[in-house]
Every structure is written in C-alpha cells, then in structure tokens.
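There are 2 protein chains.
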Amino acid sequence: MSAEEVLENIRKEIIKKSPKEAKIVDVQFEGPEVVVYVKNPEIFTNEIIKNLAKDLRKRISIRPDPSVLVEPEIAKKKIFEIVPEEAEITNFVFDANTGEVIIESKKPGLVIGKEGKTLEMIKKAIRWAPKPVRSPPIQSETIKAIRATLYRERDEVKEILRRIGRRIHRDIVVRGDYWIRVSFLGGAREVGRSCLYVQTPDTRVLIDCGINVACEDKAFPHFDAPEFSIEDLDAVIITHAHLDHCGFVPGLFRYGYDGPVYCTRPTRDLMTLLQKDYLEIAKKEGKEVPYSSKDIKTCVKHTIPIDYGVTTDISPTIKLTLHNAGHVLGSAIAHLHIGEGLYNLAYTGDIKFETSRLLEPAVCQFPRLETLIIESTYGAYDDVLPEREEAERELLKVVSETTDKGGKVLIPVFGVGRAQELMLVLEEGYNQGIFNAPVYLDGMIWEATAIHTAYPEYLSKEMRQKIFHEGDNPFLSEVFKRVGSTNERRKVIDSDEPCVILATSGMLTGGPSVEYLKHLAPDEKNAIIFVGYQAEGTLGRKVQRGWKEIPIVTRNGKTKSIPINLQVYTIEGFSGHSDRKQLIKYVRRLKPSPEKIIMVHGEESKCLDFADTVRRLFKKQTCVPMNLDAVRIK
Amino acid sequence: MSAEEVLENIRKEIIKKSPKEAKIVDVQFEGPEVVVYVKNPEIFTNEIIKNLAKDLRKRISIRPDPSVLVEPEIAKKKIFEIVPEEAEITNFVFDANTGEVIIESKKPGLVIGKEGKTLEMIKKAIRWAPKPVRSPPIQSETIKAIRATLYRERDEVKEILRRIGRRIHRDIVVRGDYWIRVSFLGGAREVGRSCLYVQTPDTRVLIDCGINVACEDKAFPHFDAPEFSIEDLDAVIITHAHLDHCGFVPGLFRYGYDGPVYCTRPTRDLMTLLQKDYLEIAKKEGKEVPYSSKDIKTCVKHTIPIDYGVTTDISPTIKLTLHNAGHVLGSAIAHLHIGEGLYNLAYTGDIKFETSRLLEPAVCQFPRLETLIIESTYGAYDDVLPEREEAERELLKVVSETTDKGGKVLIPVFGVGRAQELMLVLEEGYNQGIFNAPVYLDGMIWEATAIHTAYPEYLSKEMRQKIFHEGDNPFLSEVFKRVGSTNERRKVIDSDEPCVILATSGMLTGGPSVEYLKHLAPDEKNAIIFVGYQAEGTLGRKVQRGWKEIPIVTRNGKTKSIPINLQVYTIEGFSGHSDRKQLIKYVRRLKPSPEKIIMVHGEESKCLDFADTVRRLFKKQTCVPMNLDAVRIK
Ligand SMILES: [Zn+2]
Ligand SMILES: [Zn+2]
Ligand SMILES: [Zn+2]
Ligand SMILES: [Zn+2]
Ligand SMILES: [Zn+2]
C-alpha cells in the first residue's frame, strides 16, 4: 500500500467517525501527527479525539482550516479590543502550522477571563486557538529569530512535515527475524562526537550527532561506517544542546539529509544558539566548518519539538518518548519502543541524578526497559565529586575574600547550564550578604539565560515558582550586569571596582574569558576559579596547572608574554554530570531493571571501570563498545 | 591514478627491467597476478622473475604469448611423436589462461625424460608450458566438466580476470583512521550459513557464504545487514566445500556479484559437486532454491584457485594466505594481512587438529596473528570424543559381527570427507581379514573420491605415498563396488549376500541411504551405524532415538509404515571437527599467540563455554558475537 493509500484509508475512517457539523476540509500527515483541518474545530470534544486516536493508533490533531483563520494583523487588533489593557500583552506568536496563537502578557489571567470567557471570545473572533502565557522576563533573540523563520517559511515547513508524515506512516512488510542493533559512530570510549545509529530491518535512526571541538582528527562521527547511509535515515533524535551531542546536525542537512530532528523545544533553541556560536568562533579562528548558518536554519525547519512524556511515532515500527535527564535545560533521555515484540531501549544522553538548582533529577522509571545505554563521564572508582553544598560554600568564600581585598574574580564558564547554576549560587550569596560586588555576564550567558526563562515548565518546581514572580526571579537580580559590547567589557576591566565576571568559553579556548584573563592575570589581588573540566592542551588546563606566564598574540600580531600572578582556584562539584555515586544509584533505582547495560560517553578507563562495577554489583550483562562496533540487542 | 595508469606504470617498469630478447608483447593484470606475455618465455630465469616481483611487490607470471602457442590439436600430435608410447598418456588439459598443458600419463617419468630432455623438446615444439602429472586413478566427471567450461569460455574468463585485476590493483587514498571490523552475517552462535563480512575503509570481503540445509527460516546469511552491499564486495573467500560454508556462493552471482571467489582447487571442485547435488535434491523435494546450475557455472568462472601458503593480493590493502585446516580435502584457514599497520586476522573455518587417515592436522603457526576467529562445534566441557582408534575398532566389530550373521550394514554418511575416511578404515579391516564382504558405495561418494585422487598434494604424506602406487591405492581396492544406477541398487538390496553399504545422505534426509533403510529396516539381522551428527527433526535422529516404525511414502503416493527391527548403532569419533581437547590444544599451540579470540560455528552454549575456557586458561580476550554483530578488531 502506498503512503497515499494509507492516508486515504485514514481519511475515510476519520470522516466516518466524526460529527458532520465539524465540516472536515482535509486530513493530512504532518510529522508524527494526523492533522484534521475542520471549519468548526470546537465540535471535537476531547472524548471524540481520544477515541479517534485509540481507533487509529495515531496522534490526532484537530485544527481550524486556514480558510477560516483571520489574518494575523486583524486578529491582533481584535484581541486588543477584547482583552483589557491591564493584561499588558507584550507579544503574539502566530504558528501557522498549528493554527495556534501564543499571547504573551504580564497578567495572563486577564487574557483567560472569568471561567475562560475572554478566551472563548477571542477564539470566536479570530478562529486561531489562543494560548495565553506569561511574558518571559527576558527576551531571547534566538527564540525570536526561530519563530520568525518558522512563520516566514511556513509553507515550506508544512511541506516538510507532510513529507515526513508520509514516511513515518508508510506501510511496511516485516519478513523473517525482527532484529535491532546499535552502531556506535562516536562517543564510545571517549567524550565528544556522541552518535548512535539504531538499525532494524525497516528503520534507521541516529541518536545524537555531536562534534569534538577539542580534537581535530576525531572531530566528527564515523560516517564512514559501512552501514551508514544518509539517504536511508528515518529520523535524528537529539538528547540535548551541548555540541558533543548536536554539533554536527546541520552538517547532516548539508550532506543530503531531509528528515526530521526530534528534541525538546528548549534543546532546539539552545542547540541553534550553540551551533551559531560554534560557527562564529571557528570562522574567527580560520578553521574549516562542516556547515553554514543556512544549514542551521534548514535544521530548525526540520525540527519537530516534543515534550517530555509524549510518545511519538517516528517510523512504522519505532515510538519515541523523551524524559527529563536533569543535565541541562531540555536535556532528555531517549526511550525507544521498537518493533512487533515491543523491545525497549533507553539512551541517557548526559544525566544528573540529583536535584540541581535549575532542574529535577533524571527520570529512572520507564514503562518497559530491556537495554540501557548510559553515559560514564565520571564512572571510574575515584570519580566521587564533592557535595554541591560544599562546593558552593567554597566558591562564595573565594568570591567574598577576593572582592573584600578589592580584587576581581574571573569564572570561565560554559554558557549553557553551568553558568545559570552559578548565577543562582551567586545571587543567593549576594542576598545573604556573603559578598557585595556586581556579577558581570559576558559571552552568550545572557542569551542562554533568556532561553531558560522562556521555558519555565522545564525547570525544577522551585525555580518555576520563583521565575514567574518578578520580585523573586533570581536571574533578574540587580547583582547581574550584562556586558553587551567590547566597550562595556573595557569598562569592566578598567574600573577599580571589585567584581565577579562569568564569561565564556569555559576552557579559555577563545571568547571573552580569554580577553579578561589577559588583563586580570598580572594582578595578584585578582582570582580565577575553574569550575569545569579543562581538557588537555587548552589554555585553561595550563593556567590550572600553575604556568607562570602565558604567550598572547597582541592586536598588531606580535607575541607577548603575560605574567600570571592572580590566584588560581579549582572547585569541583558543579558538574552537570552524575558522579560515580550518582551513576551507581541511578542504575540501582532503575525501574524496571534492564537486562543489558551499555557504557558510553567516558574515557576508555572510565567506561570499563563503570561496566565492571555494574556487572559486579547488579549482576547485569554489560558491554563497553568501541566506535564502529555494531551491537545487536535483539 | 586510474587502474589503467597504474598498469601503464607497471608495464614500463617491467619492460625496463626485463631482458630485451624475451620480446614482451603485453603486460596485464589477471586476477591477483601481473601477467607478462612474451615471445621467448625461456629467457626469464627464476632469478629475474623473483627480482621483478620484489621490486613491484606483485605476483609476476611469465607466459608465452598466445601468438606463439601451437594449436592444441597439433600440439597433441607433436607430444605423441616425442613421448615414448610406454608413458601411456591418458589425457591432455590445455589451460588457455595460463599457457600450460597438463599431460596426464601412467609413467610421467617418461614424459620428463632423462634430466628433463623430453620435456625440453616438447616445450620447444609446442611452446605451451608442459606439466607432466600421473594420471589420476579414478576419473572425476566434475573436474572434467569444470575444465571443459573453463576452456570453452576462456575468452570470458580472461576478461573476468582482467577486470578483477584492475580492481585489486586500484590506487587508493587512505584518509584518517584505518579501522578493521568483522560483521557476522551467519554462523555466530549456530552451525550453518557461516558468513563473515570483513570491512576496512577501502575493502569489503566475505569469508564463507553458507546455507543451513536443515532450517528453512534460517537458511541464508543475513544479507539484510545494513552494511552489506553486494556491489561493493571486493572478494569472496571460501574455506571449504561443505554447504554450510559455500552453499550460497552461486546465489551471490545471481544477485549481482561479479568479483572473484578465492579457494583451493579441491574446494572449487568439491564445492561445485555439492552445490549441484543440493540443487538436485531441492528440486526433487520441490523446494525453492536461491540459484540455478547456470549460476554455479558463473561461480566456477569467477573462481581463482590458490594453493596453501601462497600470499595473494585480494584488494589494495588486504593479502590472503590459505593454510591447511585438516578438516576435508582442500579445507583452509584464511589468514588476512590487512592495511598499513599490517594487522593479522585468521579464521579457521572448520578444523581438525589431529592427523587423520586422509589429511595432515590444521596449521597453527602464522607469520603474525592478532585476532583469531575459531570454530567451536565441540567446544563445550563435555564435548570430548572417543579416540579415533577406539571408534575404528568398534566399527569393524559391528561390521564383522553383522556380516558373519549374514546381515547387511548400512552406514549413512556425508559424501565428502567422512565417506573417504571410512573407506580407508574398511579397506584396512578387510585386508586384515576382520570382515569378508563387499563394500558398496552409493550416492556421490564415488565422485567425491575421484576428486580426492586428483589432488594427491593435498593429502597426508602417507596417503600421497599410497595413492600413486596402484597396488597400494586403498580407494581402488577390490572390496569397493560402485553402485551406479537404481538397477544396481535394486540388486544390492535383493541379494542375500552380506555386505556393507556406504550411502548418502548422512542424516537420512533424502538420497539413496533412505532407499536402503526402507528395505533393510524390517530384518533384525541387518544393522545401521550412525557415524555423524543427526540434527533434530531428521529421520536419522528418529531412528537413532529408537523409533520402532517409520512412515514412508510409497511410489503410488500412499503412506505406509515400516517396522524398524534392524540393529541401531551410534559410533562417535569419526568427526572432521576438533573435539574440545583438540580445540584447546590448538589454542595452546598457536604461534604467535593472538591477542583476541572470537568464537563462532557452534551452538550458543558451546561457543560460550569454549570462550570461557580460553579466557580462563590462556588469559585471552574472547568474544562470542551474535549474528548481525559487527566487531571492531582494530
Ligand atoms: Zn552534555
Ligand atoms: Zn556530553
Ligand atoms: Zn565443514
Ligand atoms: Zn562447518
Ligand atoms: Zn562476471
């Protein structure tokens, strides 16, 4: 049966089972959903939709037919007429692909109205489905740009979704054995370029597609694996926005991929931010890059965001569910439900199995689970990190002592995740009077923070509470000052005022953190605090190891030596990864307990050590693959 | 550089370094060799050829240019004129592709002449290179047919060899990591459909390509493995002629393969015999087969026979050497020398690590060896078989007792290997007067025996001695009677004479052995001896287990029950496989000792048990892959 015939059958079925008054205009596959366009969407009760979904075993979405939608400009006017001014509407986002309009306002309660009356009025007047949300306290340029692209190129996006939908719902004939296997194209016995290739007789899926920024000859995944074929790829799944998990995705589109990218919405946005940043830095350093900003845009148009816990068909025989991984905003564990025999595979991506200031701990319960693929960054026997509370105390102590002496504290930091965690620690310390100095934010930290405030539903319960009560939103604290230009940076450097500076990049491999170091290094009053892993060969590692001077290329191209007199501190315990204790606890808590556990994302010795421990403690079958190994799991 | 340019460079080099008087006419790649066609081949001393081969790092073959070769019919006449009649020439084989003529005679000494004088005269007269050999004592129809095909279609064969040669010697650029991995497409944790797929960045090689005759839903290897692509295949290597190692090879040609098949010459011939037999039986049973006899012929034309110990380029980065495996005539261990870093992989195929009556034990010394892939048929802790001598005594005892009582002994037996071993045991017992009755040979046994006598150089030293002294050749003993027709079979069955019957198939799955059983079963004077493994579900297994009657379909289509009253014996110890003791001894004796040993070709428990033993005893890294696993070895 062709995809057209499959769709035609579904169409007939839906029309038969739906109330006539709904006036169905069209039924289409759009990505993983079956979308029903109707003139009177309000006729479809949740009950009807649920039954349809159950009967057809598909995700059903009812949308107003475009012919009934009021033009956005006119719709805006009508909304302003209906909603009282005190609601303070700050923004509209019309999503032509869903027929929804997001109404951002300071008081969303007034957009809803008593018992939803106002919302009803809006709906009737404009036919778009209104989604009132609280205005994010900081505006994100990235999100704005993504929304603009998706709106401007909505026809192309719709075409993409329909093509993807036809492929997902294609009719297949399974002959003989149904097998499942995973090839490790990168990230096995190493950190960087994570890339899993899941294969079954009918489906090919890539989970993560990262790059190793620190290592030029092992920068990209093994696309030379004989089983890899970009034309046959059904789907790409991204667990989170770090470049070692998503850095190559736009490159896939450059080399001919034309299918969907599944991830959470925050991952889509943070990933776009980090990919752009990667391009800019690489260009500045004159390095070759495997794609352009055009490819990043193509990637955005092919991305299908899915929420935690929503099960989605991504091929005729695979269903995907994402679960919170506790690692960075939007980070996910990918759970695949595969084939006739319903085999279950979960891949953790990077996980934190502890409540952090920002996020809830990683999910460890699944409906079913046969094989788990788990990260092992801190898997070795001596990888026990200090408690976070202790690390926080230590950090605040250094900050307070240094600023008290009139010095400046530089914290080179990774812009997504760790920077926001540190902001929360510093904000608390400032409020408690432990130190009294401004905290400057330079590099992409501000923008990454803005994205955090746009997705409160992805934050921990505690943060969610705070972030929407303006007085309490820690990110809006007066202690934080944004450094938005080189001029402003100059001022921070030149002033005598003691301060704290959070700046990217975290390993001093480029970006503003290096700029600050150059100027702060000679003065022994100042301090630098390393809070993350410093890779071999980076400037960060050198400073951390106690080098007494560093060569710097000046503006006129000469090399000059700068003495390092500032105080150097390393504070562990802020990692977004589970340490060994947490990894073991995670395996212990898993429900159900899987038959087989595969270790990846760690140096060779860490993976082997962790596998050995799990085998001994839990009597599990473990496996530590190499890159280019293909492991059959069923 | 294109293949043509590579060849052109070699041409120039050879012409420059060769004596002018040789008159080089052409230089061509033909299969793995560089063939130099010359008008005066005698000018090339072994010294010159050796130096050329060393300089070019290629196998060099000097051949008379076709223009100087005398027409075969005229050549024959001239040879008869030169060689004395007492030499008794029985056959000529002109090989147009090598410029050689094999002269078969009863007294090859007379073809050679004193100090090679006669040979010199022949060479001068006909220009073909004469190869005198002793006439094989039994004529093989299979060999005759293969030689006829290769002669008749010599132009096509030459074209095939040249195309293969250009592919082998293509110029490649190796970028980045050089990795090596092996995918297991069949024969992992099972016996049947053995098939390894070796992959490097530039080469794809299949080693063995068998079928499982006993199991319809697991009959063929996993060609659905995503990395398998028949168009990209560089070479197929066949370790030996059993169908579980070569049964699918003609099917590869049906599905588009057009490259070389490397194996020993006896394997080529036995494989052809067995593939034809498989087709015939399958057709009789109305089963679907994956190829036709035309494909078997295509396979023969693409086969490049290589001798034990000769190292051959099979791709730009892989060299192959075959070594005796001691399992059946022509059986080989495949040793691959791979890539720049010169990594060494050996795959045993099936091995016997003990001198048998026919063959020398498997080779266990290699120039270098990092990974060994070994069969595990009898790898479990209780797989210790009785000594061969004991088994022989027991067999002869049953034969003598049964025939003394006037009964007939039926031995269902596999036609290649085991049948010949038993013939040698029976011949010795008969000579020693242990029994006195004829031994009838039915099915393909006679033909397989003929192929054995055509390749004395592949037999054990002792056998080689015997086979060429007519009085001593055990296969020609008066005790053996060939059953060549159903009429003759009828006579054997109907006569009152006590006798021994060796007949195929070995598991009573069809063929004459079943025919004999039907008629011998009711009489308790008779006996049946099982000397090989009887698979679950076969008639052999049922009889072995003691069933008291068997249903048989008669000629007119009715089902009738036959009582089983004959004596049933099972004698272990004639296996062509190493038992557990021999497998362990083999690993102990390996030189050099490999880093890693991978277990295949055995039921799951046998492979796991053997791996465990090797890990414990020798502290080796072991691996028991599943079908569809791909294991990176470098
Ligand atoms: Zn991460
Ligand atoms: Zn990571
Ligand atoms: Zn065999
Ligand atoms: Zn075998
Ligand atoms: Zn061909």
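Chains as they are written, first to last, in the working numbering: chain F, 1 to 634; chain S, 1001 to 1634.
We treat Cβ as the ideally placed atom computed from N, Cα and C, and that holds for glycine.
Environment of residue i [buried if 16+ CB atoms lie within 10 Å]
i: V317 of chain F; result: With the sequence shown as reference, residue 317 of chain F is identified as Thr, and Val is not the correct amino acid for it. T317 of chain F is buried by the Cβ-count criterion.
i: W1179 of chain S; result: buried
i: M463 of chain F; result: buried
i: Q1432 of chain S; result: exposed
i: E1354 of chain S; result: buried
i: Q1465 of chain S; result: exposed
i: N436 of chain F; result: exposed
i: N1487 of chain S; result: exposed
i: M1 of chain F; result: exposed
i: T559 of chain F; result: exposed
i: D609 of chain F; result: buried
i: S1485 of chain S; result: exposed
is_contact[residue i, chain C] using C-beta, thresh 8 Å
i: A1630 of chain S; result: The chain inventory of the structure shown lacks chain C, comprising the protein chains F and S.
Distance CB(residue i)-CB(residue j) smaller than 8 Å
i: G186 of chain F; j: G247 of chain F; result: no
i: L1502 of chain S; j: L1441 of chain S; result: yes
i: R11 of chain F; j: V68 of chain F; result: no
i: E1033 of chain S; j: R1059 of chain S; result: yes
i: G330 of chain F; j: H240 of chain F; result: yes
i: T1311 of chain S; j: K1606 of chain S; result: no
i: E508 of chain F; j: L566 of chain F; result: Looking at the sequence provided, one finds Leu at residue 508 of chain F rather than Glu. No, Cβ-Cβ distance for L508 of chain F and L566 of chain F is not below 8 Å.
i: E1603 of chain S; j: E1190 of chain S; result: yes
i: P1250 of chain S; j: T1303 of chain S; result: no
i: A1630 of chain S; j: R1181 of chain S; result: yes
Closer than 7 Å: residue i CB and nearest ligand 3 heavy atom
i: H1323 of chain S; result: no
i: D1277 of chain S; result: no
i: D171 of chain F; result: no
i: H1242 of chain S; result: yes
Closer than 7 Å: residue i CB and nearest ligand 1 heavy atom
i: E328 of chain F; result: Checking the displayed sequence, the identity of residue 328 of chain F turns out to be Val instead of Glu. Yes, Cβ of V328 of chain F sits closer than 7 Å to a heavy atom of ligand 1.
i: D208 of chain F; result: no
i: D579 of chain F; result: no
i: H1337 of chain S; result: no
Distance cut-off 7 Å: residue i Cβ against heavy atoms of ligand 4
i: S61 of chain F; result: no
i: V699 of chain F; result: Residue 699 of chain F falls outside the range modelled here, since chain F spans only 1 to 634, and no answer is possible.
i: H1245 of chain S; result: yes
i: S1356 of chain S; result: no
Beta bridge counterpart(s) of residue i as assigned by DSSP
i: K1091 of chain S; result: Residue 1091 of chain S is actually Asn in this sequence, not Lys. S:E1104, per the DSSP bridge assignment.
i: A380 of chain F; result: Per DSSP, none; premise fails for A380 of chain F.
i: G186 of chain F; result: F:C195
i: P1132 of chain S; result: S:I1103
i: C263 of chain F; result: F:P305
i: N1344 of chain S; result: S:H1337
Residue i CB to nearest heavy atom of ligand 2 below 7 Å
i: V191 of chain F; result: yes
i: D350 of chain F; result: yes
i: H601 of chain F; result: yes
Within the chosen definition, does the region 1194 to 1208 of chain S reach the region 1026 to 1033 of chain S through at least 3 CB pairs nearer than 8 Å?
no
Does the structure place the region 410 to 419 of chain F close enough to the region 522 to 537 of chain F that three or more beta carbon pairs sit under 8 Å?
yes
Say whether the region 70 to 77 of chain F touches the region 44 to 57 of chain F, bearing in mind that this needs 3 or more beta-carbon pairs closer than 8 Å, one atom from each stretch.
no
Count the CB pairs spanning the region 1100 to 1116 of chain S and the region 1435 to 1452 of chain S that are closer than 8 Å, and state whether there are at least three.
no
Is the region 253 to 267 of chain F in contact with the region 353 to 369 of chain F, if contact means three or more CB pairs nearer than 8 Å?
no
Decide yes or no for the touch test of the region 1164 to 1172 of chain S against the region 1129 to 1149 of chain S: beta carbon pairs closer than 8 Å, at least 3 of them.
no
So does the region 1089 to 1097 of chain S actually touch the region 1136 to 1151 of chain S, counting three or more Cβ pairs closer than 8 Å?
yes
I'd like to know if the region 337 to 354 of chain F and the region 364 to 376 of chain F are in contact, where contact means that at least 3 CB-CB pairs between them fall below 8 Å.
yes
Decide yes or no for the touch test of the region 1220 to 1227 of chain S against the region 1334 to 1343 of chain S: beta carbon pairs closer than 8 Å, at least 3 of them.
no
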